[in-house]
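In the working numbering, the protein residues as written are 26 to 469.
Each remark here refers to the structure printed beneath this line.
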């Protein structure tokens with residue numbers, strides 16, 4: 026009976042039809058969110074907007090129009106500046122740029138899933154990504170996660186291809202994507218090095234593997250090194266991508282913050298006051314190069330005094346990377362119950378409960394399914410290694426030196442979605458297992 030039903034559904038559905046339907050629904054959801062949600066102002070809005078508009082209008086990477094900046098990785102401001110050059114200075118239109126990034130991410134995830142598990146798995150994973158609530162109900166701020174998610178997905182796709190093909194050009198493409206991703210978010214540097222080790226898979230002699238890894242690393246450095254040289258010439262300091270490690274070390278070692286942002290304004294102000302850098306002349310002043318040096322020295326000193334406490338705070342950030350801290354979950358530092366009650370009073374119980382459940386149920390569910398999938402497909406672990414390395418590598422890059430929590434799992438959730446769809450298809454779940462076809466052949 027099930028077989029007949031599946032055949033009937035197969036006549037009505039195809040991977041292309043599913044992608045079209047999911048795309049239409051996802052675009053409608055994003056349009057509704059953009060049109061019905063008031064634009065919110067955040068410090069990160071001002072940071073990226075100032076950098077991008079000054080770059081577009083003055084041709085200089087600066088926040089105030091005169092002083093050079095190294096606050097963030099330059100790629101997102103460059104993309105935003107290119108957008109402003111075409112559309113004019115219209116920050117309210119930036120959400121549409123993020124929609125384009127989401128479309129590109131879905132295409133990359135479809136290609137990843139189709140190559141590894143067949144077209145149906147790729148289509149379902151891409152549809153899940155495009156319809157996943159965190160991507161289209163996210164607050165409509167100027168943010169770089171949309172671009173980062175696109176770059177990460179393209180990088181995963183290129184890495185899977187070079188594991189299979191072993192052609193030098195695929196290693197070069199993967200290296201270029203690695204460099205662009207690192208310029209978007211410096212925390213991806215550790216991941217970039219880890220991916221280079223994948224070149225040593227396969228049956229080729231060590232010399233050929235080393236050549237492939239070298240091509241990958243040189244392509245990555247071709248993107249990253251010019252910006253590093255610019256920073257050295259500008260600030261007379263080795264700043265590979267951006268200043269900010271000092272802020273991460275100081276706030277990330279502070280027990281008051283639990284090592285993780287976001288937090289209340291009062292708590293954050295108290296942390297910067299204890300560092301002796303208040304009053305801040307403007308938002309993100311803690312990322313000025315001189316201030317960053319001061320915070321770096323103070324942070325290392327506090328970590329050296331309390332290494333065990335810092336290790337514990339680092340472990341809490343590993344949890345916060347996927348789930349988010351209590352303030353992220355309920356917009357309050359008064360405790361979970363009081364925070365949830367207050368959030369419900371502000372936004373209604375339906376929205377507040379959904380917001381918490383999304384973090385406490387959906388993402389842990391994807392993690393569990395991904396682990397199950399890794400075990401079920403353990404015989405193919407070499408082929409699937411990129412889907413494991415990217416989530417772990419990005420997390421390990423974030424938790425030692427950054428304090429942002431809650432939203433940075435978004436760029437690697439598509440990897441978990443591909444794995445989750447694959448294991449559900451293997452388990453024979455209706456619709457997920459519909460018309461399963463063998464994936465493209467991979468090299469041993």
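Just so you know, even glycine gets a beta-carbon here, dropped at the ideal spot from N, CA and C.
1) Between the Cα of residue 439 and those of 38, 293, 133 and 189, spot the shortest distance and give me the residue it belongs to.
2) Counting only beta-carbon atoms, is residue 312 nearer than 9 Å to chain C?
3) Taking 8 Å as the cut-off, does the stretch 63-82 touch the stretch 236-249 (at least 3 CB pairs, one atom from each stretch)?
4) So what's residue 162 in DSSP terms, helix, strand or just coil?
5) With burial defined as no fewer than 16 other Cβ atoms inside 10 Å of the residue's Cβ, what is the status of residue 114: buried or exposed?
6) Can you check whether the CB of residue 364 is closer than 9 Å to the CB of residue 351?
7) Which value, in whole angstroms, describes the spacing of the CA atoms of residue 374 and residue 384?
8) Relative to the C-alpha of residue 46, which candidate in 121, 148, 140 and 231 has its C-alpha closest?
9) What would DSSP say about residue 406, mapped onto helix, strand or coil?
10) Would residue 96 be called buried (16 or more neighbouring beta carbons within 10 Å of its own) or exposed?
11) If you count every other CB in all the chains shown that lies within 10 Å of the CB of residue 62, and 16 or more means buried, which is it?
12) How many angstroms separate the CA atom of residue 397 from the CA atom of residue 391?
13) Determine contact between the stretch 135-153 and the stretch 445-454, defined as no fewer than three beta-carbon pairs at a distance below 8 Å.
14) Could you give the uninterrupted runs of the alpha helix (DSSP H) lying entirely in the stretch 189-272, keeping only those of 4 residues or more?
15) Rounded to the nearest angstrom, what separates residue 159 and residue 435 at their Cα positions?
16) What number of angstroms, rounded off, separates the C-alpha of residue 71 from the C-alpha of residue 181?
17) Throw me the rounded Cβ distance for the residue 248 and residue 205 pair, which I believe falls under 8 Å.
18) Express the C-alpha separation of residue 302 and residue 275 in angstroms, rounding to a whole number.
19) If you pair each beta-carbon of the stretch 282-292 with each one of the stretch 232-240, do three or more pairs fall below 8 Å?
20) Within 10 angstroms of its Cβ, does residue 200 collect 16 or more other Cβ (buried), or is it exposed?
21) Tell me the rounded alpha-carbon separation between residue 460 and residue 257.
22) So within the stretch 56-111, which uninterrupted beta strand (DSSP E) runs reach at least 3 residues, ignoring any that extend past its ends?
23) Does residue 195 pass the burial test, meaning 16 or more other C-beta atoms within 10 Å, or should it be called exposed?
24) Rounded to a whole number of angstroms, what is the C-alpha to C-alpha distance between residue 468 and residue 414?
25) Using CA atoms only, rank isn't needed, just tell me which of 342, 322, 224 and 208 is closest to residue 187.
26) Short of 8 Å in beta carbon distance, which residues of its chain neighbour residue 339, apart from the five on each side in sequence? Order them along the chain.
27) For residue 400, does the three-state DSSP call read helix, strand or coil?
28) Please report the straight-line C-alpha distance between residue 263 and residue 254, rounded to a whole angstrom.
29) Give every residue of the same chain whose Cβ lies closer than 6 Å to the Cβ of residue 122, excluding the five residues on either side of it in the sequence, and list them in chain order.
30) Which of the three DSSP states, helix, strand or coil, is assigned to residue 38?
31) Quick check: the Cα distance between residue 406 and residue 358, rounded to an integer number of angstroms?
32) What whole-angstrom Cβ distance do residue 154 and residue 442 have, given they're in contact under 8 Å?
33) What is the rounded straight-line gap between the Cα of residue 189 and the Cα of residue 227?
34) Please report the straight-line C-alpha distance between residue 157 and residue 50, rounded to a whole angstrom.
35) Can you tell me where the alpha helix (DSSP H) with residue 446 in it begins and where it stops?
Taking the structure as given:
1) Within the chain shown, numbered from 1, the residue matching residue 439 stands at position 414. Of the candidates 38, 293, 133 and 189, the one whose C-alpha sits nearest the C-alpha of residue 439 is 133.
2) You won't find chain C in this structure, because it holds only one protein chain.
3) no
4) Mapped onto the chain shown, residue 162 falls at position 137. Correct three-state label for residue 162: coil.
5) Here residue 114 refers to the residue found at position 89 of the chain shown. So residue 114 counts as exposed.
6) Counting from 1 along the chain shown, the entry for residue 351 is found at position 326. Counting from 1 along the chain shown, the entry for residue 364 is found at position 339. Yes, the pair counts as a contact, with Cβ atoms nearer than the cut-off.
7) To locate residue 374, count along the chain shown from 1; it is residue 349. To locate residue 384, count along the chain shown from 1; it is residue 359. Taking the straight line from one Cα to the other gives about 16 Å.
8) Taking the first residue of the chain shown as 1, we reach residue 46 at position 21. With distances taken between Cα atoms, residue 46 lies closest to 148.
9) Translated into positions along the chain shown, residue 406 becomes position 381. Helix at residue 406.
10) Counting from 1 along the chain shown, the entry for residue 96 is found at position 71. So residue 96 counts as buried.
11) For this step, residue 62 is matched to residue 37 along the chain shown. Residue 62 is exposed by the Cβ-count criterion.
12) Here residue 397 refers to the residue found at position 372 when the chain shown is read from its first residue. Here residue 391 refers to the residue found at position 366 when the chain shown is read from its first residue. Each residue's alpha carbon lies about 10 Å from the other.
13) yes
14) 193-209, 214-221 and 231-260
15) Reading the chain shown from its first residue, position 134 is the one you call residue 159. Reading the chain shown from its first residue, position 410 is the one you call residue 435. If I take the Cα positions, the gap works out to 8 Å.
16) Here the question's residue 71 lines up with position 46 in the chain shown. Here the question's residue 181 lines up with position 156 in the chain shown. When rounded, the distance between both Cα atoms is 31 Å.
17) Against the chain shown, residue 248 aligns to sequence position 223. Against the chain shown, residue 205 aligns to sequence position 180. Confirmed, Cβ separation roughly 6 Å.
18) Here residue 275 refers to the residue found at position 250 of the chain shown. Here residue 302 refers to the residue found at position 277 of the chain shown. Each residue's Cα considered, the two are about 12 Å apart.
19) no
20) Taking the first residue of the chain shown as position 1, residue 200 is located at position 175. Buried: at least 16 other Cβ atoms inside 10 Å.
21) If you number the chain shown from 1, residue 460 lands on position 435. If you number the chain shown from 1, residue 257 lands on position 232. At residue 460 the pLDDT is 47, less than 50, meaning the model places this residue with poor confidence and gives no usable figure here.
22) none
23) As a first step, residue 195 must be located in the chain shown, where it is residue number 170. Residue 195 comes out buried.
24) Counted from its first residue, the chain shown places residue 468 at position 443. Counted from its first residue, the chain shown places residue 414 at position 389. Reliability fails at residue 468, whose pLDDT of 47 lies under 50, so the model's placement of it is uncertain and the value that follows must be treated cautiously. Spanning the two alpha carbons is a distance of roughly 19 Å.
25) As a position in the chain shown, residue 187 is number 162, starting the count at 1. The residue with the shortest Cα to Cα distance from residue 187 is 224.
26) What you label residue 339 is simply residue 314 of the chain shown in a count that begins at 1. Same-chain partners within the cutoff: 277, 284, 424 and 425.
27) Looking up residue 400 in the chain shown gives position 375. In this structure, residue 400 counts as helix in the three-state DSSP scheme.
28) Within the chain shown, numbered from 1, the residue matching residue 263 stands at position 238. Within the chain shown, numbered from 1, the residue matching residue 254 stands at position 229. Rounded to whole angstroms, residue 263 to residue 254 spans 8 Å at the Cα level.
29) Position 97 of the chain shown, counted from the first residue, corresponds to residue 122. Cβ neighbours of residue 122 beyond the five flanking positions: 108.
30) As a position in the chain shown, residue 38 is number 13, starting the count at 1. Note: residue 38 maps to coil in three-state DSSP.
31) Residue numbering aside, residue 406 sits at position 381 when the chain shown is read from its first letter. Residue numbering aside, residue 358 sits at position 333 when the chain shown is read from its first letter. One C-alpha to the other measures close to 42 Å.
32) Taking the first residue of the chain shown as 1, we reach residue 154 at position 129. Taking the first residue of the chain shown as 1, we reach residue 442 at position 417. Right, the Cβ-Cβ distance comes to about 6 Å (below 8 Å), so this counts as a contact.
33) Residue mapping note: residue 189 aligns to position 164 of the chain shown, counting from 1. Residue mapping note: residue 227 aligns to position 202 of the chain shown, counting from 1. If I take the Cα positions, the gap works out to 9 Å.
34) Here residue 157 corresponds to residue number 132 of the chain shown, with the count starting at 1. Here residue 50 corresponds to residue number 25 of the chain shown, with the count starting at 1. Cα to Cα, residue 157 sits roughly 11 Å from residue 50.
35) Stepping through the chain shown from its first residue, residue 446 is reached at position 421. It spans 438-451 - the alpha helix (DSSP H) in which residue 446 sits, taken as one unbroken run.
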